[in-house]
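Whatever position you read off the sequence shown (first residue = 1), add 266 for this note's numbering. The beta carbon of each residue, even a glycine, is placed where N, CA and C say it ideally should be. Here is the structure we will look at.
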Amino acid sequence: MKKLLFLVLDGLGDRPVFEGKTPLEAANTPNMDELAKEGMTGRMYIVGKNIAPESDVALFCLFGYDPFKYYTGRGPIEAYGVGIETRFGELALRGNLASVDKNWNMLNVRVKLNDEEGKEFVRALEDMKIDGAKFVIKHTRGYRFVVKFRAKRNLSAKITNVHPGYMRLGIDIPIAAPLRNWKVKEAVPLANSKGAVLAARIVNEFVRKSYEVLSRHKLNKKRKVKANIALLRDAGNRLPDLPKLSEKYGRIWAAITDRPVEVGFFRLIGMDIIEPPR
Numbered sequence: 267m268k269k270l271l272f273l274v275l276d277g278l279g280d281r282p283v284f285e286g287k288t289p290l291e292a293a294n295t296p297n298m299d300e301l302a303k304e305g306m307t308g309r310m311y312i313v314g315k316n317i318a319p320e321s322d323v324a325l326f327c328l329f330g331y332d333p334f335k336y337y338t339g340r341g342p343i344e345a346y347g348v349g350i351e352t353r354f355g356e357l358a359l360r361g362n363l364a365s366v367d368k369n370w371n372m373l374n375v376r377v378k379l380n381d382e383e384g385k386e387f388v389r390a391l392e393d394m395k396i397d398g399a400k401f402v403i404k405h406t407r408g409y410r411f412v413v414k415f416r417a418k419r420n421l422s423a424k425i426t427n428v429h430p431g432y433m434r435l436g437i438d439i440p441i442a443a444p445l446r447n448w449k450v451k452e453a454v455p456l457a458n459s460k461g462a463v464l465a466a467r468i469v470n471e472f473v474r475k476s477y478e479v480l481s482r483h484k485l486n487k488k489r490k491v492k493a494n495i496a497l498l499r500d501a502g503n504r505l506p507d508l509p510k511l512s513e514k515y516g517r518i519w520a521a522i523t524d525r526p527v528e529v530g531f532f533r534l535i536g537m538d539i540i541e542p543p544r
C-alpha cells in the first residue's frame with residue numbers, strides 16, 4: 267500500500283495585497299510547489315460558501331466527519347488535547363487573554379504574550395471562586411487557555427460566545443463574525459433549560475471576575491497592551507463520539523502536530539501523535 271502524506275495548511279487563505287497577489291502567491295515556495303506538482307490539488311468549500319469555519323470544524327470536514335452530525339464544541343476537543351477530559355454535563359471552553367477598556371470595548375482580542383507570561387496570567391485565575399461551580403484551567407500557549415466547569419446540575423453547551431469575534435451557525439457550528447466595533451458580550455442561553463441558564467451565568471461570572479483579577483495583576487503594570495480579561499467561547503459539554511479513522515479508510519495514521527485542538531481531534535480518531543521538533 268502506498269504511503270499518503272496529507273498536509274493541512276491551516277489559515278493560509280488570504281486576500282490579494284502584493285501587486286494583486288495573495289501572500290501565498292507572492293511567496294517563494296519551491297517545496298510546496300513540488301508537492302503540488304507531484305500530488306493532488308483541488309478547491310472546496312469546507313462548510314459552505316462565504317463561511318469561515320474554525321480549525322476544528324475544518325478538520326472534521328477534511329477527514330470525513332460531518333460536523334453537523336458529530337460536532338460537540340471546540341472546548342472539549344482542545345481541553346482533551348492538553349489532558350483534560352470532559353464528561354457529559356461538564357462544560358469546557360477555550361479562552362483568550364484579551365484587552366478591553368473600562369467599558370469593555372475590545373482593544374485587542376488576543377494579547378501578544380510569550381508562554382511564561384501566559385502561564386502567569388492563567389495561574390492568577392486559578393483561585394477565583396465561582397458561585398455554584400468548580401473549575402480547572404490550563405494554559406495552552408501564548409494568550410490561549412482552556413477551562414472546564416463542573417456543577418451539581420448538568421451544564422448545557424447551548425450558550426452564546428462571550429468572545430465577540432465568533433458566532434454560531436445554527437446552534438452548534440462556530441464561525442467567524444463580521445468585523446465591526448466589538449464589545450465583550452454576555453453569554454446568553456440558547457435553550458430554555460436550567461442547564462443552559464446556569465452555564466451562561468457561570469461563564470459570565472468567570473469573565474467578570476477575570477477582569478477584576480487581571481486588571482490588578484503585576485504584569486499589567488508595565489504592559490502597554492494589558493491582558494486584563496479572559497474571553498471564553500466554543501462551549502461543549504461532552505467529547506464527540508467519532509469512528510476511528512483506520513476503520514473508515516483502512517490505513518494506519520499518525521499526525522505531526524503540537525497544537526492542542528489538533529492533538530485532541532487526532533487522538534479522538536485514533537491517530538498516533540508525533541510531536542514536531544522545536
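| Query | Result |
| --- | --- |
| What are the complete beta strand (DSSP E) segments, minimum 3 residues, inside the stretch 331-407? | 357-366, 372-374 and 399-407 |
| Looking at C-beta atoms only, is the number of pairs between the stretch 409-421 and the stretch 505-513 that lie closer than 8 Å three or more? | no |
| So, helix, strand or coil for A457, using DSSP? | coil |
| Run the CB neighbour count on F472, radius 10 Å, all protein chains shown included, and call it buried at 16 or more, exposed below. | buried |
| How far does the beta strand (DSSP E) with R410 in it extend, from its first residue to its last? | R410 to A417 |
| How about A493 and F401: are their beta carbons less than 8 Å apart? | no |
| Could you check what DSSP says for A520 in three-state terms: helix, strand or coil? | strand |
| Which of the three DSSP states, helix, strand or coil, is assigned to P526? | helix |
| Let me make sure I understand the geometry here. Which of A520, K395 and A466 has the alpha-carbon closest to that of G498? | In the sequence as presented, Gly is not what sits at residue 498; that position holds Leu. Here the closest residue by C-alpha is A466. |
| Return helix, strand or coil for L318, following the three-state DSSP convention. | It is worth fixing the name first, because residue 318 is Ala in this sequence and not Leu. DSSP places A318 in coil when its eight states are reduced to three. |
| Out of curiosity, what's the CA-to-CA distance linking K287 and K475? | 45 Å |
| How about the stretch 512-520 and the stretch 445-459: do they share at least three Cβ pairs that are nearer than 8 Å? | no |
| For Y336, count the other beta carbons within 10 Å of its own beta carbon; 16 or more makes it buried, fewer makes it exposed. Which is it? | exposed |
| Keeping to the same chain, check which residues put their C-beta closer than 6 Å to that of W519; ignore five residues upstream and five downstream. | L511 and M537 |
| Please go through the same chain and pick out, in chain order, the residues whose beta-carbon is closer than 7 Å to the beta-carbon of A390, but skip the five residues on each side of it. | V479, L480 and H483 |
| What residue does the beta strand (DSSP E) around A496 start on, and which one ends it? | I495 to G502 |
| When the Cα of K451 is compared with those of V366, D397 and P526, which residue comes out closest? | V366 |
| Just to confirm, is the Cβ distance from L290 to A501 under 8 Å? | no |
| Going by C-alpha to C-alpha distance, which of K487, N294 and K424 sits closest to N458? | K424 |
| Use the C-beta contact count for D322: other C-beta atoms within 10 angstroms, 16 or more gives buried, fewer gives exposed. | buried |
| Under the three-state reduction of DSSP, which class applies to K484: helix, strand or coil? | helix |
| Please go through the same chain and pick out, in chain order, the residues whose beta-carbon is closer than 8 Å to the beta-carbon of R281, but skip the five residues on each side of it. | T288 |
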